[in-house]
Amino acid sequence: MNLHEYQGKEILASFGVRIQRGKVAQTPQEAVAVAKELTEETGTSWYVVKAQVHAGGRGKGGGVKLAKGIEHVEEIADQIIGMNLVTPQTSAEGKKVHQVLIAEDVYYPGESETSEFYMSVLLNRAIGKNMIMYSTEGGMDIEEVAEKTPHLIFTEEVDPAVGLLPFQARKIAFNLGLSGGAYKEMVKFVTALYTAYEKSDSNLFEINPVLKTSDDKILAVDAKVTIDDNALYRRKEYAAMRDIREESPIEVEATALGLNYVDLDGNVGCMVNGAGLAMATMDLIKMAGGEPANFLDVGGTADAKRVEEAFRIILKDPNVKAILINIFGGIVRCDRVAQGVVDAYKNMGDAIQVPIIVRLQGTNADLAKEIIDNSGLAVHSATLFKEAADKVEEVLS
Ligand code: GDP
Ligand code: MN
Numbered sequence: 579m580n581l582h583e584y585q586g587k588e589i590l591a592s593f594g595v596r597i598q599r600g601k602v603a604q605t606p607q608e609a610v611a612v613a614k615e616l617t618e619e620t621g622t623s624w625y626v627v628k629a630q631v632h633a634g635g636r637g638k639g640g641g642v643k644l645a646k647g648i649e650h651v652e653e654i655a656d657q658i659i660g661m662n663l664v665t666p667q668t669s670a671e672g673k674k675v676h677q678v679l680i681a682e683d684v685y686y687p688g689e690s691e692t693s694e695f696y697m698s699v700l701l702n703r704a705i706g707k708n709m710i711m712y713s714t715e716g717g718m719d720i721e722e723v724a725e726k727t728p729h730l731i732f733t734e735e736v737d738p739a740v741g742l743l744p745f746q747a748r749k750i751a752f753n754l755g756l757s758g759g760a761y762k763e764m765v766k767f768v769t770a771l772y773t774a775y776e777k778s779d780s781n782l783f784e785i786n787p788v789l790k791t792s793d794d795k796i797l798a799v800d801a802k803v804t805i806d807d808n809a810l811y812r813r814k815e816y817a818a819m820r821d822i823r824e825e826s827p828i829e830v831e832a833t834a835l836g837l838n839y840v841d842l843d844g845n846v847g848c849m850v851n852g853a854g855l856a857m858a859t860m861d862l863i864k865m866a867g868g869e870p871a872n873f874l875d876v877g878g879t880a881d882a883k884r885v886e887e888a889f890r891i892i893l894k895d896p897n898v899k900a901i902l903i904n905i906f907g908g909i910v911r912c913d914r915v916a917q918g919v920v921d922a923y924k925n926m927g928d929a930i931q932v933p934i935i936v937r938l939q940g941t942n943a944d945l946a947k948e949i950i951d952n953s954g955l956a957v958h959s960a961t962l963f964k965e966a967a968d969k970v971e972e973v974l975s
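See below:
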């Protein structure tokens, strides 16, 4: 589950990670009120107004603006709240901004220069360890740094059973070119950051930029935090931070129905039982020259009601040009699934306007094929995996 920047920063701060402090506001008037409170707490007289949406690159899209005095806060907040923010990470339509974070300006002039670093903590499944990725090239697009100057990105592997060792935190501060007070601050920052990552059941922290202020403090200016969905049952306070306005409406609806659905960009809708078979089916569609429109695992009970719910979810995506149903009948018999497909199809009337290819394999597969073939509906049946793929290609061309 993804969080807003202000929520991610709240979590960081609760574990002692220093952050750029701020308060969230829903209206321009509230923005002024929280700016006043922020000044009382921090002494700041300049503010950064930051759009809160689940997408990075907000600065580039005009979603992060500096207010050089409280008199500018209302106008800037008014520009940002309600805008459709388009960034390199959103679709062309952008994302509607419902709230802004009013944060203290931390780029004030002082004894030394400010510097921006990049730092992320993430689970590296390939090596079964956590990993801290960091770079001196903060504040910019890290994908671009990775492409053009990969030698400027460092990684530190952390064994989850051992945790981050003190020498590793020191190595990171050293590699970032820090010395004196800033070096010590960075060691503290990295240590607290790793603890926060671990204790919050997150699987991604991305802090870009981590800032060294002109008076040598190290703090998080931005925060992208992803909490492991499987841990939300024991992190109720984080689960309550969910903002469904930021999520795909189809995915939210599918989750409510207990369907395991992920929205994708292609044109072939998939209805499959079992996550492994669903992934194999997506590969198959790609090999046949199509692109999957979704991942959908209907789970164990593929009866008419379930199939109909799945049809309705898949068909909400206007890009779907064909649907491939690939179900293995083990405990659930194929003939029952076939009858479910036929009943759901009849029930839905004109709602289904795209060709459907059904492959049922397992118990009573022959009977299932008969039911489909004799239904008189525009449903193509297939027995073999390859056959199903060829039919998808056929109906798409
Ligand atoms: P992103 O564009 O979505 O990654 O949002 P960030 O939170 O990273 O902010 C974008 C940029 O705004 C940062 O890289 C900074 O250059 C700038 N910025 C953020 N906070 C401040 C601040 O306190 N003062 C000034 N002058 N600039 C800031
Ligand atoms: Mn950023």
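Heads up, the final residue of the sequence shown is numbered 975 in the working numbering, and it's a clean run with no missing numbers.
Just so it is clear, CB atoms sit at the ideal spot from N, CA and C, and this is done for glycine as well.
Note the first and the last residue of the continuous beta strand (DSSP E) segment covering Q939.
-> Position 361 of the sequence shown holds residue 939. Per DSSP, Q939 belongs to the beta strand (DSSP E) from 934-940.
Please state the DSSP three-state secondary structure of K643. Translated into positions along the sequence shown, residue 643 becomes position 65. It is a strand residue.
Are there 16 or more other CB atoms within 10 angstroms of the CB of R596, so buried, or fewer, so exposed? Looking up residue 596 in the sequence shown gives position 18. It is buried - the Cβ of R596 has at least 16 other Cβ atoms within 10 Å.
field: Simplified DSSP assignment, three categories, for F593
entry: Within the sequence shown, residue 593 is the residue found at index 15, counting from 1. DSSP places F593 in coil when its eight states are reduced to three.
What residues match up with C848 in a beta bridge as DSSP calls it? Start at 1 with the first residue of the sequence shown, and residue 848 comes out as number 270. The partner list for C848 (beta bridge, DSSP) reads L902.
Next on the checklist: Can you look up Y811 in the DSSP assignment and give me helix, strand or coil?
Outcome noted: Here residue 811 is taken as the residue at index 233 of the sequence shown, counted from 1. Three-state result, Y811: helix.
**Asked** Taking the C-alpha atoms as reference points, what is the distance between W624 and A858?
**Response** Indexing the sequence shown from 1 puts residue 624 at position 46. Indexing the sequence shown from 1 puts residue 858 at position 280. If I take the Cα positions, the gap works out to 54 Å.
Query - Alpha carbon of V631 to alpha carbon of V651, nearest angstrom - result: For the purposes of this step, residue 631 is identified with residue 53 of the sequence shown, where counting begins at 1. For the purposes of this step, residue 651 is identified with residue 73 of the sequence shown, where counting begins at 1. V631 and V651: Cα-Cα distance of roughly 19 Å.
Exercise. For the 8 Å Cβ check, are there 3 or more pairs between the segment 836-856 and the segment 732-739?
Worked result: no
Q598: CB within 8 Å of a non-hydrogen atom of ligand 1: Position 20 of the sequence shown, counted from the first residue, corresponds to residue 598. Q598: yes, Cβ under 8 Å from ligand 1.
From A888 to G927, what does the alpha carbon distance come to, in whole angstroms? For the purposes of this step, residue 888 is taken as residue 310 along the sequence shown, with counting starting at 1. For the purposes of this step, residue 927 is taken as residue 349 along the sequence shown, with counting starting at 1. Put simply, the backbone Cα of A888 is about 15 Å away from that of G927.
I'd like to know if the segment 864-876 and the segment 887-903 are in contact, where contact means that at least 3 CB-CB pairs between them fall below 8 Å. Yes: the two stretches touch, three or more of their Cβ pairs being nearer than 8 Å.
- Task: Counting only the same chain and skipping the five closest in sequence on each side, list residues whose C-beta sits under 6 Å from that of G844.
- Result: By 1-based counting over the sequence shown, the position of residue 844 is 266. Closer than 6 Å at Cβ, skipping near neighbours: E869, P870, A871.
Simplified DSSP assignment, three categories, for E887 = On the sequence shown, position 309 is the one that residue 887 refers to. It is helical.
How would you write the range of the beta strand (DSSP E) that I731 sits in, first residue to last?
As a working mapping, residue 731 is identified with position 153 in the sequence shown. From DSSP, the beta strand (DSSP E) with I731 extends over 731-736.
Touch check for the segment 688-702 and the segment 787-797: three-plus C-beta pairs under 8 Å?
-> yes
* What is the DSSP secondary structure of K749, reduced to helix, strand or coil? -> Sequence index remark: in the sequence shown, residue 749 carries index 171 (1-based). If DSSP states are grouped into helix, strand and coil, K749 belongs with the helices.
Problem - Below 5 Å from a heavy atom of ligand 2 - residues by beta-carbon - result: N786, D800
Quick one, which of R823, V830, L855, G908 has its alpha-carbon nearest H568's? Past the edges of the chain, shown from 579 to 975, lies residue 568, and the structure says nothing about it.
E588: CB within 8 Å of a non-hydrogen atom of ligand 1 = The residue labelled residue 588 in the question sits at position 10 within the sequence shown. Checking every heavy atom of ligand 1 against the Cβ of E588, none is found closer than 8 Å.
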